[in-house]
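Below: the structure, in structure tokens.
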Amino acid sequence: MHHDDGTDGTDKDLDNNSLRSIRELGAATFIKRIYDDDSTDDSTDIRRVIRDLDSECTGLERKSSVQLKQLLKRKAIQIGKQRSRISIPETYDAAINLISISSNILVVSGAGISVNRGIPDFRSPDGIYDQIKRRNYPEIDEPEQIFDLATFVAHPRLFYSVAKNIMPTHFSPGPAHKFVKALQDSDTLLRNYTQNIGMSPLERKAGVDLLLECHGTFAFLECLRCGEMYNTDDFSHVILGGGVPVCTKKCIKEYRRRRKKRKSDSTDNNTVAPLDVSDDAVITFFDTKNEDIPYLKPTITFFGEDVHSDYEQRVLDDSQATDLILVLGTSMSVAPISEFISHIPHKVPIVVINKTPIKGLEPDVSGA
Ligand SMILES: [Zn+2]
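The opening position of the sequence shown corresponds to residue 1 in my numbering, with each subsequent residue numbered one higher.
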């Protein structure tokens, strides 16, 4: 437990309607209300709100409507994040009391709750990024690049050699996962936003159904060429054997069809070797044709990809319904969760159970 001496929230800015609204509604709902307001004279109104949020903002007249909307979003998220601590004693009893009196709890979980189950997290010393760094892969400069879409497309084998370590299915849920399930069983869990991307996140394995997998899931693979979906389970032998899974349905058929056609076009059928349908042959075929190679990519969100399609709507709905935020084992540093707190009304208490503090957030109750 630690005490903090954050701001007391009694500054005179509270007289300002826009600021007050963000604190009452959270950033996402605030922005949505502005856009939904029929009386909004678009750009003029957005300029006024931005000046409400930051009186020193200049040059707004020259900005396009898209730029204004981006700026408004950025400012609202910034202000949404500047919470004042709610006055609650920072004790375990206070945390337990909050949990027991709350009925719409949002749990935000991350890799930290699965470390004691044997799955490494990303950012701790000895975590996945640290391990990648030590191996000095020539294909990447920074460990995070392993989750860049461009890196994956260029070096899928590199990705899978790392992914192997986080995908085995023999892990079992621990106390934190079972605790979230217990909240669900007692009808007090509104939703569990997990950033975990295991084959089956341990939250799901523990039986948590009210789950939003913010970074997608490793449970499915998608063909980069034709979009066909597969169960990762069906390819675990390929991945664990150090290989890269390749589309076995449409794209292999397409490969066969085009190779056959070439054979039948040929005048000398007798000398043609049997069609090689190994993964390597298929990869080489599409590669030499300068086409997308039918590698299978897990349906987790890579940097450069859009977040889970339900995420924004869920946050809008849940932020207005929740009465407690419980953060379990995440530094909340990766989008979209890095902005999550900004969308939560400031009156909703936040309890953080983490090994490391969260940058820029003064929780109401925290502990490790
Ligand atoms: Zn395919």
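The C-beta atom is built at its ideal place from N, Cα and C for all residues, glycine as well. None of the values given here were measured: they were computed from a predicted structure.
Quick check on DSSP: helix, strand or coil for residue i?
i, result
"F179", "helix"
"E228", "coil"
"S366", "strand"
"I113", "helix"
"V351", "strand"
"Y35", "helix"
"V162", "helix"
"I132", "helix"
"G216", "strand"
"V277", "coil"
"T356", "coil"
"V246", "strand"
"N16", "coil"
"R85", "coil"
"V66", "helix"
"F285", "helix"
"I293", "coil"
"Y137", "coil"
"E142", "coil"
"A335", "coil"
"G127", "coil"
"S186", "coil"
"L361", "coil"
"F235", "helix"
"S309", "coil"
"C251", "helix"
"A76", "helix"
"S100", "helix"
"A206", "coil"
"P156", "helix"
What I want to know is whether the C-beta of residue i ends up closer than 7 angstroms to one or more non-hydrogen atoms of ligand 1.
i, result
"C214", "no"
"K250", "yes"
"P294", "yes"
"R225", "yes"
"C57", "no"
"E228", "yes"
From the DSSP secondary-structure annotation, give me the bridge partner or partners of residue i.
i, result
"N192", "V107 and L211"
"V315", "None; V315 has no bridge partner."
"D148", "F303"
"P298", "L221"
"I325", "L106 and I350"
Considering only the beta carbon of each residue, do residue i and residue j sit closer than 8 angstroms?
i, j, result
"G110", "T330", "yes"
"P120", "I128", "yes"
"I337", "S319", "no"
"T151", "E139", "yes"
"R47", "L60", "yes"
"L25", "L324", "no"
"I206", "P173", "Correcting the residue type first, residue 206 is Ala in the shown sequence and not Ile. A contact, by the Cβ cut-off of 8 angstroms."
"A368", "I353", "yes"
"L189", "L202", "no"
"V277", "I239", "no"
"I77", "A27", "yes"
"N16", "D52", "yes"
"V108", "F340", "yes"
Do we get a CB-CB distance below 8 angstroms when we pair residue i with the residues of chain B?
i, result
"R257", "The displayed structure is made up of one protein chain only, and chain B is not part of it."
How about residue i: is its Cβ closer than 7 angstroms to a heavy atom in ligand 3?
i, result
"G360", "Here the bound small molecules are ligand 1; ligand 3 is not part of this structure."
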